[in-house]
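Q:
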Amino acid sequence: MAFKTIMVQLDVDAIAAPRIAMAWDLAQRIEADLIGFCAAEPHFVLPT
Numbered sequence: 001m002a003f004k005t006i007m008v009q010l011d012v013d014a015i016a017a018p019r020i021a022m023a024w025d026l027a028q029r030i031e032a033d034l035i036g037f038c039a040a041e042p043h044f045v046l047p048t
């Protein structure tokens, strides 16, 4: 099975550089696309 896309989770409040570097290296080696994503609590601004 060949992977063509790799997704890497990026933390809002943590250092993600080592995770990004590893995912980037892997994506280059297997010629895959790299997608970074981050989930966070929504912050709503209410009109006054």
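Each residue of the sequence shown is one higher than the last, beginning at 1 in this note's numbering. Don't be surprised by glycine CBs; every beta carbon is placed ideally from N, CA and C.
Here's a check: name, in chain order, each residue in its chain whose Cβ is nearer than 6 Å to the Cβ of residue 36, leaving out the five neighbours to either side.
A: Numbered from 1 along the sequence shown, position 36 holds the residue referred to as residue 36. Correct list, in chain order: 8, 10.
Q: Taking the Cβ atom as the reference point for each residue, do residue 23 and residue 6 lie within a distance shorter than 7 Å?
A: Your numbering for residue 23 matches position 23 in the sequence shown. Your numbering for residue 6 matches position 6 in the sequence shown. Yes, the Cβ-Cβ distance between residue 23 and residue 6 is below 7 Å.
Q: Suppose you measure from the CA of residue 2 to the CA of residue 32; what does that come to, to the nearest Å?
A: Within the sequence shown, the letter at position 2 stands for residue 2. Within the sequence shown, the letter at position 32 stands for residue 32. For residue 2 and residue 32, the distance between alpha carbons rounds to 9 Å.
Q: Can you list, in chain order, the residues of its chain whose CB lies under 7 Å from that of residue 30, leaving out five sequence neighbours each side?
A: By 1-based counting over the sequence shown, the position of residue 30 is 30. If we look at residue 30 and ignore the five residues flanking it on each side, its Cβ neighbours are 3.
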